[in-house]
Amino acid sequence: MSEEMKIKVAMPEILGLLLVSFIALMVGLVSLGVGDAANSMGMVFAFLPFAALLFLIVTIACYLNDNMFGTALFGVLTVFFYGLPVVVGGAPGFTDIALFVFFGAVFLLAMTFVSLAQPVKMVTGVIGLAALTFLFLGVWLWTDFTDASAIWGVLTGVFGLLAGLLAMYLPIAILYNTMKGQNTLPLM
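Quick note, the sequence shown lines up with residues 75 to 262 if you use my numbering.
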């Protein structure tokens, strides 16, 4: 008779959401022109391989916890953020990068729909705002960052900041409520 051993990892989604928050806030601030644009974009792209590695760890932990939604969401984010610097480095123009970003936006829109089955509706808000951020970023890239397309940069920045702030609140509220043993901070 064999016994099956199950490994349980404590809420990896918190780390995943904090990573989403960190990236969304960076993209939002850079898109709004905070800091030196060239150095700020370099900072974002330098962080992406580390983000991909951390998303991979979160994906594995979600898989071990039998969290199908987390495994799918963070697994695809792993591939996306690992591939983005490669696409940017090898793309002949902004249009190819924009297509890659659009693929990310379409995936996030699909996951927004799937997240409606989750009990915490704030998850839907985070993923939906991230999807819109990627969509606006894709349009902005598609238009080659021209002055006429500046509104897309502003929309990318605003929605990135909203996604980042909501993505930061959610895991902090979950962690606080779990440690407190009661629902003190609302999760909707």
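C-beta atoms are modelled at their ideal positions from N, C-alpha and C, and glycine is treated no differently.
Query: Cβ shell of L147 (< 6 angstroms), same chain only, five flanking positions each side left out; Result: M185
Query: Under 8 angstroms between C-beta atoms of A241 and S95; Result: yes
Query: Three-state secondary structure (DSSP) of D170; Result: helix
Query: Chain B contact for F124 (CB, 8 angstroms cutoff); Result: Among the chains in the structure shown there is no chain B, since it carries only a single protein chain.
Query: Inter-residue CB distance, F155 and A179 (contact presumed, cutoff 8 angstroms); Result: Going by Cβ atoms, the distance from F155 to A179 rounds to 14 angstroms, so no, they are not a contact pair.
Query: Cβ distance (whole Å) where T230 is taken to contact V101 below 8 angstroms; Result: 7 angstroms
Query: Nearest residue (CA-CA) to G167, options W214, G149, A205; Result: W214
Query: Integer-rounded CB distance, given that F129 should sit under 8 angstroms from T152; Result: 4 angstroms
Query: M115 in three-state terms, based on DSSP; Result: helix
Query: Cβ-based neighbour list, P86, same chain, cut-off 6 angstroms, excluding 5 preceding and 5 following; Result: V132, A135, C136
Query: Candidates V162, G163, L206, V194: closest to F181 by CA position; Result: L206
Query: CA-to-CA distance, E78 to I171, given in whole angstroms; Result: 45 angstroms
Query: Residue range of the unbroken alpha helix (DSSP H) whose run includes N251; Result: 224-254
Query: Distance between Q256 and L239 (C-alpha atoms, nearest Å); Result: 23 angstroms
Query: Element boundaries [alpha helix (DSSP H), containing V108]; Result: It is not in any alpha helix (DSSP H) - V108 carries neither H nor E in the DSSP assignment.
Query: Selection from G199, F177, F119, G164 that minimises the alpha carbon distance to G212; Result: F177
Query: Collapsed DSSP secondary structure at T198 in the structure displayed; Result: helix
Query: Secondary structure of T258, DSSP reduced to three states; Result: coil
Query: Residue range of the alpha helix (DSSP H) that includes P193; Result: No alpha helix (DSSP H) holds P193; DSSP gives it neither H nor E.
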